[in-house]
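Enquirer: Got a structure here, written out as structure tokens. Questions coming.
Protein chains in written order, with the numbering used here: chain H, 797 to 1236; chain V, -11 to 281.
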């Protein structure tokens, strides 16, 4: 009995000690004069999405931990799971996650719900001179992560535009000029279908998920069409949208793989990397993938270009991913230090050296010798990057809390039309009704 | 008396777990179903009476999803039962390597639905999938399993059938092994052929086992989520969207918890109604005197 009591007493003491030491929210530091060591002992829970933006964190996190004494507990999920986890964490207000990867299309929802910490004050008062790179990131890239009053809620880790990637070897072989418009793409597809029967002339995302909305909505913008207008009115069945989607659906139905209505980014890129497709419209991030000898069989055979539509606007595939700090985090200062490190030129240079990616929102990297040397083989792409980034136009994007529902309602109809179940006109009329009911 | 008290005490932890994880969420979902509650909006829950149910019953998408669920469950259960029956009849006749075959047929049941779904997604791929490669070798044109709205639901169903057959084999084979050979021999002596013996002796004696298979498979198929979600995502459009997929979209893509709860409560009662009818009609528990009590 005495032993049990003694054991209980020891256990209680351990628990009390544990609570006293564990309750401190942010690491107390070691008293070191190094400002980066101020949060030593802190553990940051970081919620990330799969993709090349995340690779740098998993590859170099030990270096951050060594420099700051902060431990990173990284969780990586697909986009939908990441969002689920963040929303559930915010609803419980526990603040388990300190840092979260933010896709720009969810920013209105996250900002309006008050789930992300504003970063302007941190940027002004707690800037790490060497690591902070915000001033070198363009306003258009940072704009995706700001509210209407200019408060920044995420740092911009990646920012991509839409490009048509094409097989220059096949284009040269058949004397097809580089496409400049959506109509040129259709014309090129017609020739390729006839001359290269073993290659799909065109591939793009066509499945019914919101992840494919960027393709059809971006193509529509080349015709000046968008799902929502600035005043909130729905214009899914406007004449310019019909013209845009007729062109796009025709490409997907007649010049793409039979399963185009189920094609996501994965199957699309697989076809292209295996040399089974001649043209691919998507975000510019895919260019470096297709140019990588490790995963692609079309290295040295590709080029990319911007495409304009009837309205003279550039077809878009805008994507922006950032890192934000949860409003409920108890380690916000340490999290801010991490955000600065992630976007630092030091990490960016490492990403280039290791070939993780070559498109960055921090424009300083493009002038470095390391970058120029490393990107010699994809000079065709990096030389166009400034033009691609300049072409990004976010006005077409439905920046609303209901983005997910609107995007899905529209894309489902486009997918069904690609599958041949509905005409473009029918699909767009149904999309109009569906999106209107969401907006109401 | 003491022993009874002790036994009750032993069931207490299970009861607590059931109350917390079974009853409490159901009650909470029931309450939520009468509210407007979106987890992505900062506003509180708002009581809206039967509006969620009215929206549900007046929405074409709900009825379409329900229709697909009925087709999915009906065909999946019937086909997995029929295939399971054929395999178990064959296995019952096999003497050599009997255990080997049994283990082989159990493999689909052991594999996690997520893994099966991802494997099948690759196998179904129009350009790279092995199924189309085999079809091409046989001189048959490739089938667009995932992008054709008329096929995608059945493509998902085929996986559910593949995963459900082992359960049917397991139970029906046990039923066949428990049957006495004497009755069948007597029938043969009386002039019955093999087919007649199967139809009038073997199958009626298997009734109880068949009912168990069907009830278990109905519950399984009604719960099918991972397979459809990972293989077709409910698409193209909403061509393969069943109730479970729709609920998950409403709940975890749009975070409209009030409406998702209404859909969930409907589905719960729908399954209970199905199970109740099946149990009553087949009197599966009444023979044991359990159900009627």
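Built from N, CA and C at the ideal position, the CB exists for glycine as well.
This structure is a prediction, so every number in the text was calculated from the model and none was measured.
Taking only the alpha-carbon atoms, compute the straight-line gap between residue 44 (chain V) and residue 901 (chain H) and give it to the nearest angstrom.
Expert: Taking the first residue of the second chain as position 1, residue 44 (chain V) is located at position 56. Taking the first residue of the first chain as position 1, residue 901 (chain H) is located at position 105. Using only the alpha carbons, I get a separation of about 28 Å.
Enquirer: Checking 7 Å against the spacing of the C-beta atoms, do residue 866 (chain H) and residue 835 (chain H) come in under that value?
Expert: For the purposes of this step, residue 866 (chain H) is taken as the residue at position 70 of the first chain. For the purposes of this step, residue 835 (chain H) is taken as the residue at position 39 of the first chain. Yes, Cβ-Cβ distance for residue 866 (chain H) and residue 835 (chain H) is below 7 Å.
Enquirer: Below 8 Å, can you find three or more Cβ-Cβ pairs linking the stretch 845 to 865 of chain H to the stretch 874 to 893 of chain H?
Expert: Contact between the stretch 845 to 865 of chain H and the stretch 874 to 893 of chain H is present, because at least three Cβ pairs lie under 8 Å.
Enquirer: Which ranges does the alpha helix (DSSP H) cover as unbroken runs of at least 4 residues, wholly within the stretch 54 to 124 of chain V, from first to last along the chain?
Expert: List check, alpha helix (DSSP H) in window: 86 to 98, 101 to 112.
Enquirer: Please report the straight-line C-alpha distance between residue 1035 (chain H) and residue 1023 (chain H), rounded to a whole angstrom.
Expert: As a working note, residue 1035 (chain H) is residue 239 in the first chain. As a working note, residue 1023 (chain H) is residue 227 in the first chain. Those two C-alpha atoms are separated by around 12 Å.
Enquirer: Report all residues from its chain with a CB closer than 6 Å to the CB of residue 175 (chain V); omit the five preceding and five following residues, and keep chain order.
Expert: Here residue 175 (chain V) refers to the residue found at position 187 of the second chain. Contacts found: 185, 189.
Enquirer: Would you say residue 1225 (chain H) lies against chain V (beta-carbon separation less than 7 Å)?
Expert: Indexing the first chain from 1 puts residue 1225 (chain H) at position 429. Residue 1225 (chain H) does not count as touching chain V.
Enquirer: Could you check what DSSP says for residue 249 (chain V) in three-state terms: helix, strand or coil?
Expert: Stepping through the second chain from its first residue, residue 249 (chain V) is reached at position 261. Looking at residue 249 (chain V) - three-state DSSP - the assignment turns out to be helix.
Enquirer: Over the uninterrupted alpha helix (DSSP H) stretch that includes residue 1077 (chain H), give me the two end residues.
Expert: Numbered from its first residue, the first chain carries residue 1077 (chain H) at position 281. From DSSP, residue 1077 (chain H) is part of no alpha helix (DSSP H) but of the beta strand (DSSP E) over 1073 to 1079.
Enquirer: Find the nearest neighbour of residue 1182 (chain H) within the set H:1150, H:985, H:1102, judged by alpha-carbon distance.
Expert: As a working note, residue 1182 (chain H) is residue 386 in the first chain. Of the listed residues, the one whose Cα sits closest to residue 1182 (chain H) is H:1102.
Enquirer: Could you give the C-beta distance for residue 157 (chain V) and residue 75 (chain V), rounded to a whole number, given that I count them as a contact under 8 Å?
Expert: Counting from one through the second chain, the residue named residue 157 (chain V) turns up at place 169. Counting from one through the second chain, the residue named residue 75 (chain V) turns up at place 87. That belief holds up - the Cβ atoms of residue 157 (chain V) and residue 75 (chain V) are roughly 5 Å apart, short of 8 Å.
Enquirer: Check whether the Cβ atoms of residue 206 (chain V) and residue 65 (chain V) lie closer than 7 Å to each other.
Expert: Counted from its first residue, the second chain places residue 206 (chain V) at position 218. Counted from its first residue, the second chain places residue 65 (chain V) at position 77. Yes, the pair counts as a contact, with Cβ atoms nearer than the cut-off.
Enquirer: If residue 238 (chain V) and residue 227 (chain V) are in contact, beta carbons under 8 Å, what's the gap, nearest whole angstrom?
Expert: Against the second chain, residue 238 (chain V) aligns to sequence position 250. Against the second chain, residue 227 (chain V) aligns to sequence position 239. The pair is not a contact, with the Cβ atoms about 18 Å apart (cut-off 8 Å).
Enquirer: Determine, using beta-carbon pairs with one atom in the stretch 988 to 1006 of chain H and one in the stretch 1124 to 1137 of chain H, whether at least three such pairs fall under 8 Å.
Expert: Too few Cβ pairs lie closer than 8 Å, so no.
Enquirer: Would you be able to state if there are at least three C-beta pairs under 8 Å between the stretch 206 to 226 of chain V and the stretch 857 to 865 of chain H?
Expert: By the Cβ rule, the stretch 857 to 865 of chain H does not count as touching the stretch 206 to 226 of chain V, because fewer than three pairs are nearer than 8 Å.
Enquirer: Please list the partners that residue 874 (chain H) has in chain V, where partner means a Cβ-to-Cβ separation under 8 Å.
Expert: Residue 874 (chain H) sits at position 78 when you count from the first residue of the first chain. Here the premise fails: no neighbours, minimum Cβ distance about 11 Å.
Enquirer: Along the chain, where does the beta strand (DSSP E) that runs through residue 899 (chain H) open and close?
Expert: Counting from 1 along the first chain, the entry for residue 899 (chain H) is found at position 103. Here the beta strand (DSSP E) through residue 899 (chain H) covers 895 to 899.
Enquirer: Give me the DSSP bridge partner(s) of residue 1099 (chain H).
Expert: Residue 1099 (chain H) sits at position 303 when you count from the first residue of the first chain. Note: residue 1099 (chain H) sits in a beta bridge opposite H:962.
Enquirer: What is the residue span of the alpha helix (DSSP H) that residue 1117 (chain H) lies within?
Expert: On the first chain, position 321 is the one that residue 1117 (chain H) refers to. Unbroken run through residue 1117 (chain H) is the beta strand (DSSP E), 1115 to 1121; no alpha helix (DSSP H).
Enquirer: When burial is assigned at 16 or more other CB atoms within 10 Å of the CB, is residue 969 (chain H) buried or exposed?
Expert: Here residue 969 (chain H) refers to the residue found at position 173 of the first chain. Exposed: under 16 other Cβ atoms inside 10 Å.
Enquirer: Considering only the alpha carbon of each residue, which of V:108, V:210, V:93 lies closest to residue 259 (chain V)?
Expert: As a position in the second chain, residue 259 (chain V) is number 271, starting the count at 1. The shortest C-alpha separation from residue 259 (chain V) is found at V:210.
Enquirer: Quick one: which unbroken alpha helix (DSSP H) runs of 4-plus residues sit fully inside the stretch 211 to 266 of chain V? Chain order, please.
Expert: 214 to 219, 231 to 240
Enquirer: Can you tell which of H:1025, H:1060, H:1028, H:1012 has its C-alpha closest to the C-alpha of residue 1047 (chain H)?
Expert: To locate residue 1047 (chain H), count along the first chain from 1; it is residue 251. Per the Cα distances, H:1012.
Enquirer: Hey, could you find the ends of the alpha helix (DSSP H) residue 1233 (chain H) is sitting in?
Expert: Numbered from 1 along the first chain, position 437 holds the residue referred to as residue 1233 (chain H). Segment 1220 to 1235, the alpha helix (DSSP H) holding residue 1233 (chain H).
Enquirer: Please go through the same chain and pick out, in chain order, the residues whose beta-carbon is closer than 6 Å to the beta-carbon of residue 1042 (chain H), but skip the five residues on each side of it.
Expert: The residue you call residue 1042 (chain H) lines up with position 246 of the first chain. Closer than 6 Å at the Cβ level, and outside the excluded window around residue 1042 (chain H), lie 1220.
Enquirer: Please classify residue 1185 (chain H): does DSSP put it in a helix, a strand, or coil?
Expert: For the purposes of this step, residue 1185 (chain H) is taken as the residue at position 389 of the first chain. Correct three-state label for residue 1185 (chain H): helix.
Enquirer: From the DSSP secondary-structure annotation, give me the bridge partner or partners of residue 1158 (chain H).
Expert: In the first chain, the residue the question calls residue 1158 (chain H) occupies position 362. Partner(s): H:933.
Enquirer: Taking the beta strand (DSSP E) that residue 872 (chain H) belongs to, which residues open and close that run?
Expert: For the purposes of this step, residue 872 (chain H) is identified with residue 76 of the first chain, where counting begins at 1. Counting along the chain, the beta strand (DSSP E) containing residue 872 (chain H) begins and ends at 867 to 873.
Enquirer: Tell me the DSSP secondary structure of residue 845 (chain H) in three-state form.
Expert: Mapped onto the first chain, residue 845 (chain H) falls at position 49. DSSP places residue 845 (chain H) in strand when its eight states are reduced to three.
Enquirer: Identify the contact partners of residue 124 (chain V) in chain H, using a Cβ-Cβ distance below 7 Å as the criterion.
Expert: Counted from its first residue, the second chain places residue 124 (chain V) at position 136. Residues of chain H passing the Cβ test: none, with the nearest at roughly 13 Å.
Enquirer: Flag this pair as touching only if the stretch 15 to 35 of chain V and the stretch 161 to 180 of chain V have three or more C-beta atom pairs under 8 Å; answer yes or no.
Expert: no
Enquirer: Would you kindly work out how many angstroms separate the C-alpha atoms of residue 164 (chain V) and residue 122 (chain V), rounded to a whole number?
Expert: Start at 1 with the first residue of the second chain, and residue 164 (chain V) comes out as number 176. Start at 1 with the first residue of the second chain, and residue 122 (chain V) comes out as number 134. Taking the straight line from one Cα to the other gives about 35 Å.
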